[in-house]
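**Student:** Residue numbers (our numbering): 84 to 336.
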C-alpha cells in the first residue's frame, strides 16, 4: 500500500512520549516532516535531536493546548519552518485521579477539559485555514472513554473525550466537500509509561489490567500509530468523519 507521505508536513501535539511520539516516528519513517508540539521542552528538544540523528526531518515547538496563543503560534511556527501543513495528530491530553462527580474539583476538571477538548478545538481552528487550499487530513485522538460510559470514576475525562468525538464528526461534515478530512482514533488501554511502571512495580495489577481487554493483552503505541498514519495518508482518501476504536475489542461489548 502506497501512503504517499514523502515531504508532507504534519504536526503532532503531545509528541514527546507515548502515542504521540510513536506517531511522529512512524510519520518520519514514511519520510514526512514533523513538528512535535509539547510543554516538556527539554525532553522535546532531546527527542527531536534523536530523530534527526536517525535521519528524520523534525522540529520542536513549545505549545500548551490550554492556551490559544500557543496553538496559533504552533501553526505559524510550522508554516514558517516548512511552508505548509498537510495534516495533524491532535493528541495532547491529560487525565485526573479517579473521583466521583460530586467529589470533583471544578477548576481541576476545567483545566483538563481545556487541554483534552478545547485544545483539540483550538488546533482545528488554526490548522484548518492553512490546510483548506491544498487539503489534507487531521486525526484527533479521543479514547474508548469517548465511546462509552465508565464506572471507574473518570466521568470528567469521559465528558472531554466524548466531546472530541462530537467535534470530529461535526467538523468533518462542515468540510466534507473540500479536500480536508477529519477523523478520530479511540485508543483502548495502551502500554504507555504509567503502565510500564506498573508492570515493574505491581505485576499482579498489570496482569489484571491486561486481562481486562477482550484480546487479553494491552495495546502497543505502534498499533495506534499505524491506524493514525493510515488515516493521514492518501490511502484513506474516502474516509472522513469516522471514529476508529483501536481498543482490543472493548467497545464492541
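In this text, a Cβ means the ideal position worked out from N, Cα and C, and glycines have one as well.
Could you pull the start and end residues of the beta strand (DSSP E) that residue 162 belongs to?
**Tutor:** By one-based count along the chain shown, residue 162 stands at place 79. Element bounds for residue 162: not the beta strand (DSSP E) but the alpha helix (DSSP H), 151-165.
**Student:** Report yes if the CB atom of residue 222 is closer than 8 Å to the CB atom of residue 315, and no otherwise.
**Tutor:** As a working note, residue 222 is residue 139 in the chain shown. As a working note, residue 315 is residue 232 in the chain shown. For residue 222 and residue 315, yes; Cβs fall inside 8 Å.
**Student:** Helix, strand or coil, according to DSSP, for residue 89 in the structure here?
**Tutor:** To locate residue 89, count along the chain shown from 1; it is residue 6. DSSP places residue 89 in coil when its eight states are reduced to three.
**Student:** Contact check, residue 91 vs residue 115 under 8 Å by CB: the rounded distance?
**Tutor:** Start at 1 with the first residue of the chain shown, and residue 91 comes out as number 8. Start at 1 with the first residue of the chain shown, and residue 115 comes out as number 32. Indeed they touch by this definition, with Cβ atoms about 5 Å apart.
**Student:** Could you have a look at residue 236 and say whether DSSP puts it in helix, strand or coil?
**Tutor:** Position 153 of the chain shown holds residue 236. Coil.
**Student:** Any contact of the segment 241-253 with the segment 303-310, i.e. 3+ C-beta pairs under 8 Å?
**Tutor:** Verdict: no, contact absent.
**Student:** Taking only the alpha-carbon atoms, compute the straight-line gap between residue 320 and residue 151 and give it to the nearest angstrom.
**Tutor:** Along the chain shown, one-based indexing puts residue 320 at 237. Along the chain shown, one-based indexing puts residue 151 at 68. Spanning the two alpha carbons is a distance of roughly 30 Å.
**Student:** Should residue 104 be labelled buried (16 or more other beta-carbon atoms within 10 Å of its own) or exposed?
**Tutor:** In the chain shown, the residue the question calls residue 104 occupies position 21. The residue in question, residue 104, is buried, as its Cβ has 16 or more Cβ neighbours within 10 Å.
**Student:** On the three-pair Cβ rule with 8 Å, is the segment 146-161 touching the segment 198-210?
**Tutor:** Taking 8 Å as the limit for Cβ pairs, the verdict is that the segment 198-210 does touch the segment 146-161.
**Student:** For a quick check, are the C-beta atoms of residue 235 and residue 286 less than 8 Å apart?
**Tutor:** Here residue 235 corresponds to residue number 152 of the chain shown, with the count starting at 1. Here residue 286 corresponds to residue number 203 of the chain shown, with the count starting at 1. It is not a contact, given that the beta carbons lie outside the stated cut-off.
**Student:** Please state the DSSP three-state secondary structure of residue 321.
**Tutor:** Taking the first residue of the chain shown as position 1, residue 321 is located at position 238. In the structure shown, residue 321 sits in coil (DSSP, three-state: anything other than H, G, I, E or B).
**Student:** Below 7 Å CB to CB, which residues in the same chain sit around residue 177 once its five sequence neighbours on both sides are set aside?
**Tutor:** For the purposes of this step, residue 177 is taken as residue 94 along the chain shown, with counting starting at 1. Counting only Cβ-Cβ distances below 7 Å, and skipping sequence neighbours, we find 195, 198, 199.
**Student:** Please report the straight-line C-alpha distance between residue 166 and residue 261, rounded to a whole angstrom.
**Tutor:** One-based indexing of the chain shown puts residue 166 at position 83. One-based indexing of the chain shown puts residue 261 at position 178. Each residue's Cα considered, the two are about 21 Å apart.
**Student:** For the beta strand (DSSP E) that residue 267 lies in, which residues bound it at each end?
**Tutor:** Locating residue 267 in the chain shown gives position 184, where the first residue counts as 1. Run containing residue 267: 263-270, per the beta strand (DSSP E) assignment.
**Student:** Of the residues 224, 217, 86, 123, which one's Cα is nearest the Cα of residue 109?
**Tutor:** The residue you call residue 109 lines up with position 26 of the chain shown. Here the closest residue by C-alpha is 86.
**Student:** Looking at the secondary structure, which residues open and close the alpha helix (DSSP H) in which residue 199 lies?
**Tutor:** Mapped onto the chain shown, residue 199 falls at position 116. From DSSP, the alpha helix (DSSP H) with residue 199 extends over 189-199.
**Student:** For residue 191, which option in 121, 239, 258 has the closest C-alpha, if you only look at C-alpha atoms?
**Tutor:** Start at 1 with the first residue of the chain shown, and residue 191 comes out as number 108. Closest option to residue 191, Cα to Cα, is 239.
**Student:** Taking only three categories from DSSP, how would you classify residue 330?
**Tutor:** Here residue 330 refers to the residue found at position 247 of the chain shown. Three-state result, residue 330: coil.
**Student:** From this set, 330, 251, 227, 250, which residue's C-alpha is nearest residue 241's C-alpha?
**Tutor:** Taking the chain shown and counting its residues from 1, the one referred to as residue 241 is at position 158. For residue 241, the nearest C-alpha among the options comes from 227.
**Student:** Might you give, ordered along the chain, the residues of its own chain that have their beta carbon closer than 7 Å to the beta carbon of residue 100, omitting 5 neighbours on each side?
**Tutor:** By 1-based counting over the chain shown, the position of residue 100 is 17. For residue 100, where only same-chain residues beyond five positions count, the Cβ hits under 7 Å are 276.
**Student:** Examine the Cβ distances between the segment 328-336 and the segment 130-148 and report whether three or more of them are shorter than 8 Å.
**Tutor:** The segment 328-336 is not in contact with the segment 130-148.
**Student:** Could you check which residue in 324, 300, 265, 121 has the C-alpha nearest to that of residue 278?
**Tutor:** Locating residue 278 in the chain shown gives position 195, where the first residue counts as 1. Nearest C-alpha to residue 278: 300.
**Student:** Determine the extent of the beta strand (DSSP E) in which residue 293 is found, giving its start and end residues.
**Tutor:** Residue mapping note: residue 293 aligns to position 210 of the chain shown, counting from 1. Element bounds for residue 293: not the beta strand (DSSP E) but the alpha helix (DSSP H), 286-294.
**Student:** Suppose the cutoff is 6 Å on Cβ atoms and the five residues either side in sequence are ignored; what does the same chain contact list for residue 106 look like?
**Tutor:** Here the question's residue 106 lines up with position 23 in the chain shown. Cβ within range, chain order: 95, 172, 308, 311.
**Student:** Just curious, the beta strand (DSSP E) that residue 171 is in, first and last residue?
**Tutor:** Taking the first residue of the chain shown as position 1, residue 171 is located at position 88. Start and end: 170-173.
**Student:** I'd like to check one pair, residue 154 with residue 205: are the Cβ atoms closer than 8 Å?
**Tutor:** Within the chain shown, numbered from 1, the residue matching residue 205 stands at position 122. Within the chain shown, numbered from 1, the residue matching residue 154 stands at position 71. Yes, Cβ-Cβ distance for residue 205 and residue 154 is below 8 Å.
**Student:** Helix, strand or coil for residue 253 per DSSP?
**Tutor:** To locate residue 253, count along the chain shown from 1; it is residue 170. Here residue 253 sits in helix by DSSP.
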